[in-house]
């Protein structure tokens, strides 16, 4: 599956449930065995096949330097954050889940799935996600 925004996140956006700049937004890695379901996956406890390995902690890492901006050139709202690295890791991931962490998986709403296109692996080295220069999430 290509990149996707969960349907519940679209509703959350309209309701103002997630404050992308001040809420704790995290990124978790998943293996190729995870099948995103934009209709039925709504909270982090719906996620299966999260990566495990050296240098990676279950639940992923918190995004830093988060911004929300208006892009008048492309007529978009843009959510972005600093690139993220799991140092000295030994892991294999196919994609990333962006979600708002409440500290409880069953109440932590999913935002989007980022598909890497193929498995990406490290063996005792840095696993880095370099976000697209256009941002992590673009709403048109």
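Residue numbers (this note's numbering): 262 to 401. Think of the CB as a built atom: it goes at the ideal place given N, C-alpha and C, for glycine as much as any other residue. Every value quoted in this text rests on a predicted model; they were computed, and no experiment measured them.
Item: Counting Cβ pairs, one atom from each stretch, are 3 or more of them under 8 Å apart for the segment 358-373 and the segment 384-395?; Value: no
Item: Classify residue 383 as buried or exposed, calling it buried when 16 or more other Cβ atoms lie within 10 Å of its own Cβ.; Value: buried
Item: Could you name the residues of the same chain whose beta carbon sits closer than 6 Å to that of residue 387, not counting the 5 residues immediately before and after it, in chain order?; Value: 346, 348
Item: Return yes when the Cβ of residue 264 is within less than 8 Å of the Cβ of residue 300, no when it is not.; Value: no
Item: Could you tell me if residue 350 is buried or exposed, where buried requires 16 or more neighbouring beta carbons within 10 angstroms of its beta carbon?; Value: buried
Item: With a threshold of 6 Å on Cβ separation, who are the neighbours of residue 407 within its own chain once the five nearest residues in sequence on each side are excluded?; Value: A query on residue 407 cannot be resolved here, the shown segment of the chain reaching from 262 to 401 and no further.
Item: To the nearest angstrom, how far is it from the Cα of residue 317 to the Cα of residue 266?; Value: 24 Å
Item: Take residue 314 and list the residues in its own chain whose beta-carbon comes closer than 7 Å to its own, dropping the five residues that flank it on each side.; Value: 350, 351, 352
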